[in-house]
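Participant: Chains as they are written, first to last, in my numbering: chain G, 734 to 1221; chain S, 2 to 552. The structure follows.
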Amino acid sequence: MSLVVALLFAVLLLPAIGALAVWLDSKRTPWTVATVSLGLTAVASTLLATLLILDGPTVYRLGIQGGPGLVFRSDALSVTVGLLDVVLTLGILGYIRTAGPHGREFYVPYLLFTTAVFGVVLSGDLFGIYAFLVLLIWATGRLVECGEKAGVEATARGYRRTATLGASVYLVGVLLAVWLGGSSDGRRLGFALAAVGYTDSLVITSFVFMTVGLALLVALVPLHGWLVETHARATDPVSALISGVLPAAAVYAFLRILFDVFTLEFLTANPAVTNGIIYGAIGSLLVGNLLAYGQRDIKGMLAYSTISQFGLIVAGLLVATETAVFGSVIQLFGHGIVKGAFCLVAGLIAIRFDARTIDEFGGLANRAPLVAAAFAGLAIAMIGLPPTVGFVGKWYIAVGALEQGLWVVTAFVVFSTLLTLGYVIPFVDSIYFGTFDGVDNGSQSITSTMVAVVVLAALLSLAIGLASVTFEAFLREAIEQLVAAPVE
Amino acid sequence: MSSLEAHLEWRPTRNTLAEVAMTDPRPLAAIAIAFFAIVVIVAGRRRPAIRDGTPIVASLLTIAVIASMVPDVLAGRQPTTNLGALVAGIDLSVQADPLGTIFALVASCLWAVTAVYSLGYVRGEGLEHRTRYTAALCLSIGSGIGVAFASNLLVLVIFYELTTVGTYPLVAHRGTERAREVGYEYVAYVIGGGTLVVGGAVIVYTLAGSVTFAPGGIPGLADAAAGAPTAARVAIVAMLAGFAVKGAIMPLHAWLPRAMVAPTTVSGVLHAVVVVKSGVFGIARTVLEVFGPETTADLGVGTPLAIIAAATILLGSLLALRQDDLKRRLAYSTVSHLSYVVLGIAVLVPAAVVGGLFHIAAHAVAKLALFFCVGALAIETDVKKVSEIAGVGRRMPLTMAVFAVGACSLAGLPLFVGFASKWYLLVGGAELSPIVPAVLVVSGALNVAYFWPIVYGAFFETPERADPKPLLEGPMGGTPGSDEPNKHSHVTMDGRWKRLPPTGVEASPALVVPLLALALAIIALGIWADHLVVLELARAAADASFGVIVR
């Protein structure tokens, strides 16, 4: 077993082992166990990333020779999403150490969430993806239940029902494709489907099923209701995962299916399907942004912003040039960091000032200047002003779309900056220029670690924006292979 | 050979001036000083001496760095700092070229004046949140210098949006309902403009494969524009419209008069030092160094732009006539004068371009002086309206004298800097059409019309014997010798201004000294324009873009 494969299993198993340890040993504080296991996962995934960037993609098949088995396929892209996952879960640990939630009920699903995301991004097998999606949905449901608000159980139930429906629709598509192509290994299935023919109505049907199922898990309009609901109900660190990582995992699965199984040729052969998804995604971008205008509550605003951002990301993927796909990937990563940190800032403010809405945010900057500055910095990144990552992602997507002659996409991507500005500025305005009229639980109510996490994230959004070319160099090979027609 | 043709002598090879880039940390340093100053200000927020002194030191350092580059720039070298790729195909690079150096030099010199004045102003006004205010001022100006030195469109956009980030807290500074509303509107306007520019940049990058400024136009863009004229036209219109928002070109100007709610120092910075200037500067870059004069003309954009600018000049001046609020009157005057710059560029004639670029400096110095006069006036006498101006010259003789100097300059009277820039505009504009000089002459007269009542009222009227203002709404020819008390004045019959000698005791030295420095600059630049680098830089910039030598 090579080092890469060892690391592959390490990132999959380390959080799971951590979860097991938390479950079995109630004496030790689960926080320490989680930190150790996620810290090791972070090291392992960084090493994995380095190796995959240096040596190129890896395929590993686990199972009986000639019999059933599970294929793992990893490249720089999968490890990017994996890194996002582990960076976020590790960062959130800094926040929840004092703020909670505490206890096994939280940490077991928390760690399994991490494993499940790694599973989704490393699987090369469509059933494997399904299995890990189911684990992800279970873990998310448990995490949502850890909230303190009334009715979280109902919210969690509703979420599970909706998400399971999405996963099932995806599964129907997979079953159909496997029936047509005879294999559940993504690449091999891809060749088989090419032989069946991309204009075959059953092939198209299976694609549509998979897409709709995953679109529900990504929370594209009009399938976005669950995200708004869970986002609002869950505790803030859980919202950070729901906004930052959960749709990202589903988008990643979609990316694999799009390019590995169905390939660019499928998109070219079925312009109606392609355009349908592109304009659907653009619609999501617009509607998400517009619905965000009605939100006085910070979490509601963030939820709709997430929906619009994933519209942008999916649109970029469908443009399907190297430039645009890279834009989507860096946007996926940057958005995860920014939105995750934003949820934590919202949590910080709620803990210290009991404030949730625009009006309650009034004048906080005078009392908590650093938190306010982090809020402003993250706001700038979310709006997408240069040189933050939010701008860079849009730039690549816009340039890529224009190269393909999709000027409508370019126009909306550029224009979305202005739409985002419109609903973010009222919060910033209130924080800085409003008058304080609420409770202040004192600066000791939040720890400096919590503040450090969000300030770091704000700086990271700037750093990623400035270092986009380095990212591009790391991801170039993987994206080239992805977008090019597969050869075997 | 007409005298006009004598101004232009064709140069055999093109762009030779601009082709020598030399690696040099100074352009980056010129920008970084202001950003470093922010750190010092925030760190020293509990020590007023550090907080308030830092901008002055930083501005002087910045001037020194920029001034040290001027000889290189004039010798045709371009000090360049390249920090490597920003996004694929575009470098994060800043450079001191003639066009950028004009703007950077003006901004940094006026920053020093502003920094001193600001000290006197915040104390006189009792402004709160001084750390935020001082830091935001540094951010605005530092990013303004970044706009000047940006070597490509994307870097320019970065600093352009940063200017907005810096000025937004300044505009909304007072935190009143109205200030917040205006701040919100300001951001919506200027980020909207910035977004249009980004859209244009995406198209330019797709067409030409580069967004790096090149005098005379980005290589390859002309051919690409010929191949895809619609896309190119969309790009140039988007970029010009985007920059025109900050440049307050009608009909995109509405934010500027409303932003007068900000503290007066901030208004000065908006009007003279960085903000609106970065808008017209962006237009200059777009026309001269992105598309190039030829492609701009080929796309049929030059003449419409000139017409819009001419209309803005006249309408802005006419609207200024009607304003009673001093700051609003100055604001409409700015709207009109910014279009002098745009008109100069849009005419696409070398001499006019020189005039337009020189007017960036000419207008900046004069308008800053006027705003600072109005600020000092408000602090010392609480006079904020033209209708309250009568007799104020007795109380503040030096301030109002400086106001008169600034007004003369903007009206374009000889021996003041405004004449020098206007001369080039007249000479160059005449080459396109006699309408251009006509517009400028009419506008000069309107300038006199809206400034003269202020100067006249301040020095030659008393609160008891004053014409109703604004004059436009009073009876024709005024009401000479009327003994009726002026209804509009808040000063009662017995509330005469105390007569003060012109020795500078009329206000805090922190307010008076910057004013005198500006007046000196207006006159010096007016008399020795040929010897004070700005004009020379403007010529070098026009030379490079047109491939001709402008005398």
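Glycine included, every Cβ here is placed at the ideal spot set by N, Cα and C.
1. Measuring straight from C-alpha to C-alpha, what distance separates arginine 559(S) and alanine 1185(G)?
2. Could you say which of Val885(G), Glu881(G), Trp764(G), Val776(G) lies nearest to valine 828(G) if we only look at CA atoms?
3. Would you give the residue range spanned by the alpha helix (DSSP H) that glycine 802(G) belongs to?
4. Determine whether the beta carbon atoms of leucine 1049(G) and alanine 1134(G) lie at a separation below 9 Å.
5. Helix, strand or coil for arginine 761(G), going by three-state DSSP, please let me know.
6. When you compare the region 129–145 of chain S with the region 1081–1097 of chain G, are there three or more beta-carbon pairs, one atom per stretch, that lie closer than 8 Å?
7. Based on Cα-Cα distance, which residue from Arg175(S), Leu93(S), Ala97(S), Val88(S) lies nearest to proline 80(S)?
8. List the residues of chain G that tyrosine 185(S) touches, going by C-beta distances under 7 Å, in chain order.
9. Just to confirm, are leucine 1035(G) and histidine 957(G) a CB contact at a threshold of 9 Å?
10. At 8 Å on the CB atoms, spell out the chain G contacts of valine 207(S), in chain order.
11. Apart from the five residues on each side of it in sequence, which residues of its chain come closer than 8 Å, Cβ to Cβ, to arginine 974(G)?
12. Report the partner residues of tyrosine 793(G) according to the DSSP bridge assignment.
13. Pick out whichever of Asp326(S), Val274(S), Ala446(S), Asp92(S) has its Cα sitting closest to the Cα of glycine 210(S).
14. Cutting at 6 Å between CB atoms, please list the residues of its own chain near aspartate 495(S), excluding the five before and the five after it.
15. Which two residues bound the contiguous beta strand (DSSP E) that contains valine 262(S)?
16. Kindly list, in the order they appear in chain S, the residues whose Cβ is closer than 9 Å to that of valine 1148(G).
17. Could you have a look at glycine 45(S) and say whether DSSP puts it in helix, strand or coil?
18. Is there at least one Cβ from chain S nearer than 9 Å to valine 1125(G)'s Cβ?
19. Give a yes or no on whether the C-beta atoms belonging to isoleucine 1040(G) and alanine 952(G) are separated by under 9 Å.
20. Measuring straight from C-alpha to C-alpha, what distance separates alanine 1211(G) and threonine 996(G)?
21. Please specify which runs of the alpha helix (DSSP H), each continuous and at least 4 residues long, are wholly inside the region 152–225 of chain S, giving them in chain order.
22. I believe glycine 243(S) touches valine 198(S) by the beta-carbon criterion, under 8 Å. Please report the beta-carbon distance rounded to the nearest angstrom.
23. Quick check on valine 1216(G) - is its C-beta less than 9 Å from some C-beta in chain S?
24. What in chain G is Cβ-close to isoleucine 204(S), meaning under 9 Å?
25. How about phenylalanine 1169(G) and glycine 1117(G): are their beta carbons less than 9 Å apart?
26. Using the C-alpha atoms, what's the distance from glycine 919(G) back to isoleucine 990(G)?
27. Using only the alpha-carbon positions, how far apart do proline 398(S) and leucine 501(S) sit?
28. Taking 9 Å as the CB-CB cut-off, is isoleucine 192(S) touching chain G?
29. Under 9 Å between C-beta atoms, does valine 1062(G) make it to chain S?
30. For glycine 1(S), count neighbouring C-beta atoms within 10 Å of its own C-beta (all shown protein chains included) and say buried if the count is 16 or more, exposed if not.
31. Could you pull the DSSP bridge partners for valine 88(S) from this structure?
32. At a CB distance below 8 Å, what residues from the region 1194–1215 of chain G approach chain S? Give them in sequence order.
33. In the DSSP output, which residue or residues are listed as bridge partners for threonine 82(S)?
34. Would a C-beta distance cut-off of 9 Å place leucine 1081(G) and alanine 981(G) closer than the cut-off?
35. Indicate the three-state DSSP secondary structure (helix, strand or coil) for threonine 968(G) in the structure shown.
36. Apply the 10 Å Cβ neighbour rule to leucine 757(G) and answer buried if 16 or more other Cβ atoms are within range, or exposed otherwise.
Facilitator: Let's see:
1. Not covered by the structure: residue 559(S). The range shown for chain S is 2 to 552.
2. Sequence index remark: in the first sequence, residue 828(G) carries index 95 (1-based). At residue 828(G) the sequence reads tyrosine, which differs from the valine that was named. Answer by Cα proximity: Trp764(G).
3. As a first step, residue 802(G) is located in the first sequence; it is residue number 69 there, counting from the start. Run containing glycine 802(G): none in the alpha helix (DSSP H); it sits in the beta strand (DSSP E), 802–807.
4. The residue you call residue 1049(G) lines up with position 316 of the first sequence. The residue you call residue 1134(G) lines up with position 401 of the first sequence. It is worth fixing the name first, because residue 1049(G) is glycine in this sequence and not leucine. Going by C-beta atoms, glycine 1049(G) is nearer than 9 Å to alanine 1134(G).
5. The residue labelled residue 761(G) in the question sits at position 28 within the first sequence. It is coil, neither helix nor strand.
6. no
7. The count along the second sequence starts at 1 and reaches residue 80(S) at position 79. Selected option, being the one with the closest Cα: Ala97(S).
8. As a first step, residue 185(S) must be located in the second sequence, where it is residue number 184. Residues of chain G passing the Cβ test: Ile1158, Asp1162.
9. For the purposes of this step, residue 1035(G) is taken as residue 302 along the first sequence, with counting starting at 1. For the purposes of this step, residue 957(G) is taken as residue 224 along the first sequence, with counting starting at 1. Going by C-beta atoms, leucine 1035(G) is not nearer than 9 Å to histidine 957(G).
10. In the second sequence, the residue the question calls residue 207(S) occupies position 206. For the record, residue 207(S) in the displayed sequence is threonine; it is not valine. Those are Val1132, Leu1135, Glu1136, listed as they occur along chain G.
11. Numbered from its first residue, the first sequence carries residue 974(G) at position 241. A quick correction: the sequence has leucine, not arginine, at residue 974(G). Closer than 8 Å at Cβ, skipping near neighbours: Leu821, Thr822, Ile825, Phe846, Thr873, Leu876, Gly1073.
12. In the first sequence, counting from the first residue as 1, residue 793(G) sits at position 60. BP columns for tyrosine 793(G) point to Phe805(G).
13. Residue mapping note: residue 210(S) aligns to position 209 of the second sequence, counting from 1. Nearest option by C-alpha distance: Asp92(S).
14. Position 494 of the second sequence holds residue 495(S). Interpretation of aspartate 495(S) is limited by its pLDDT of 44, a score under 50 that renders its predicted location unreliable; no figure is taken from the coordinates.
15. In the second sequence, residue 262(S) corresponds to position 261, counting from 1. Premise fails: valine 262(S) is in no beta strand (DSSP E) and is neither H nor E.
16. Residue numbering aside, residue 1148(G) sits at position 415 when the first sequence is read from its first letter. Correcting the residue identity first, residue 1148(G) is phenylalanine in this sequence and not valine. Thr196, Gly200, listed in chain order.
17. Mapped onto the second sequence, residue 45(S) falls at position 44. Three-state DSSP puts glycine 45(S) in coil, outside helix and strand.
18. Taking the first sequence and counting its residues from 1, one reaches residue 1125(G) at position 392. Yes, valine 1125(G) counts as interfacial toward chain S.
19. Here residue 1040(G) is taken as the residue at index 307 of the first sequence, counted from 1. Here residue 952(G) is taken as the residue at index 219 of the first sequence, counted from 1. A contact, by the Cβ cut-off of 9 Å.
20. The residue you call residue 1211(G) lines up with position 478 of the first sequence. The residue you call residue 996(G) lines up with position 263 of the first sequence. Rounded to the nearest angstrom, the two C-alpha atoms are 14 Å apart.
21. 154–172, 178–209
22. Here residue 243(S) is taken as the residue at index 242 of the second sequence, counted from 1. Here residue 198(S) is taken as the residue at index 197 of the second sequence, counted from 1. Their Cβ separation, rounded to whole angstroms, is 4 Å, which keeps glycine 243(S) and valine 198(S) in contact under 8 Å.
23. Position 483 of the first sequence, counting from 1, holds the residue named residue 1216(G). So no, valine 1216(G) is outside the interface.
24. What you label residue 204(S) is simply residue 203 of the second sequence in a count that begins at 1. Per Cβ cutoff of 9 Å: Leu1135, Trp1140, Thr1143.
25. By 1-based counting over the first sequence, the position of residue 1169(G) is 436. By 1-based counting over the first sequence, the position of residue 1117(G) is 384. No, these two residues do not count as a Cβ contact at 9 Å.
26. By one-based count along the first sequence, residue 990(G) stands at place 257. By one-based count along the first sequence, residue 919(G) stands at place 186. Looking at the two C-alpha atoms, the distance is approximately 7 Å.
27. Your numbering for residue 398(S) matches position 397 in the second sequence. Your numbering for residue 501(S) matches position 500 in the second sequence. Computed Cα separation, rounded: 7 Å.
28. Looking up residue 192(S) in the second sequence gives position 191. Closer than 9 Å: yes.
29. The residue labelled residue 1062(G) in the question sits at position 329 within the first sequence. Not closer than 9 Å to any Cβ of chain S, the Cβ of valine 1062(G) fails to qualify, so no.
30. Any answer about residue 1(S) is impossible in this case: the structure gives chain S only from 2 up to 552.
31. Here residue 88(S) refers to the residue found at position 87 of the second sequence. In DSSP, valine 88(S) forms a bridge with Ile91(S).
32. Leu1199, Ser1201, Val1202, Glu1205
33. Locating residue 82(S) in the second sequence gives position 81, where the first residue counts as 1. Answer is Val95(S).
34. Position 348 of the first sequence holds residue 1081(G). Position 248 of the first sequence holds residue 981(G). Not a contact, by the Cβ cut-off of 9 Å.
35. Along the first sequence, one-based indexing puts residue 968(G) at 235. Coil, per DSSP.
36. Within the first sequence, numbered from 1, the residue matching residue 757(G) stands at position 24. Exposed.
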